[in-house]
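Some notes on the structure that comes next.
Structure (structure tokens):
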């Protein structure tokens, strides 16, 4: 387990939710925020919780308007 | 008349304006949170960015990633239509409030 990354199952779920257009960019944005802000500022547990909350917010985007 | 924007759409567009050359997803998300002074879910911002781009108010381009994140970033900028819509929305809100004293007070 890489301490600088969210739990792998959350990352896999995120990649599954995103379309090919957004997979690299949105996952990169969230990973950047996780590593540079959430993890150093709040610690691993709260950073993981933050990541999970962002992931939960994505289905409204992923299954909304067609953005393929 | 240019399109009238919702509050959150304005917040996203203004974050793109303020962040300027660094207007990629993460920076825009933080800009929206700063502008609204509250936590905002990433999905709401990405959905709005997508909708605004589909409406022609934003354009985007892919750029290279960094060592920290690895993958590419998507940068956004306002189109001429987006600038017009944002200006129109501000003008309309100011016109709506004209004649009303702010802050409003409840009266019996």
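Chains as they are written, first to last, in my numbering: chain A, 467 to 534; chain B, 5 to 112.
Positions of the beta carbon are idealized from the N, C-alpha and C atoms, including for glycine.
For the beta strand (DSSP E) that residue i lies in, which residues bound it at each end?
{"i": "residue 195 (chain B)", "result": "Nothing can be reported for residue 195 (chain B), as the shown portion of chain B is limited to 5 through 112."}
Do residue j and residue i count as a contact pair if the criterion is CB distance below 9 Å?
{"i": "residue 495 (chain A)", "j": "residue 30 (chain B)", "result": "yes"}
{"i": "residue 484 (chain A)", "j": "residue 493 (chain A)", "result": "yes"}
{"i": "residue 36 (chain B)", "j": "residue 62 (chain B)", "result": "no"}
{"i": "residue 3 (chain B)", "j": "residue 80 (chain B)", "result": "The structure shown has nothing for residue 3 (chain B), since chain B only spans 5 to 112."}
{"i": "residue 56 (chain B)", "j": "residue 13 (chain B)", "result": "yes"}
{"i": "residue 34 (chain B)", "j": "residue 499 (chain A)", "result": "yes"}
{"i": "residue 476 (chain A)", "j": "residue 518 (chain A)", "result": "yes"}
{"i": "residue 523 (chain A)", "j": "residue 48 (chain B)", "result": "yes"}
{"i": "residue 507 (chain A)", "j": "residue 471 (chain A)", "result": "no"}
{"i": "residue 8 (chain B)", "j": "residue 86 (chain B)", "result": "no"}
Could you give the first and the last residue of the continuous alpha helix (DSSP H) run that contains residue i?
{"i": "residue 22 (chain B)", "result": "11 to 23"}
{"i": "residue 486 (chain A)", "result": "Element bounds for residue 486 (chain A): n/a, residue is neither H nor E."}
{"i": "residue 520 (chain A)", "result": "510 to 523"}
Using a 10 Å radius around the Cβ and a threshold of 16 neighbouring Cβ atoms, would you call residue i buried or exposed?
{"i": "residue 24 (chain B)", "result": "exposed"}
{"i": "residue 488 (chain A)", "result": "buried"}
{"i": "residue 89 (chain B)", "result": "buried"}
{"i": "residue 105 (chain B)", "result": "exposed"}
{"i": "residue 490 (chain A)", "result": "buried"}
{"i": "residue 84 (chain B)", "result": "exposed"}
{"i": "residue 509 (chain A)", "result": "exposed"}
{"i": "residue 481 (chain A)", "result": "exposed"}
With DSSP as the reference, identify every bridge partner of residue i, one or two as the case may be.
{"i": "residue 28 (chain B)", "result": "B:79"}
| field | Inside the region 42 to 94 of chain B only - beta strand (DSSP E) runs reaching at least 3 residues | value | 62 to 67 and 77 to 82
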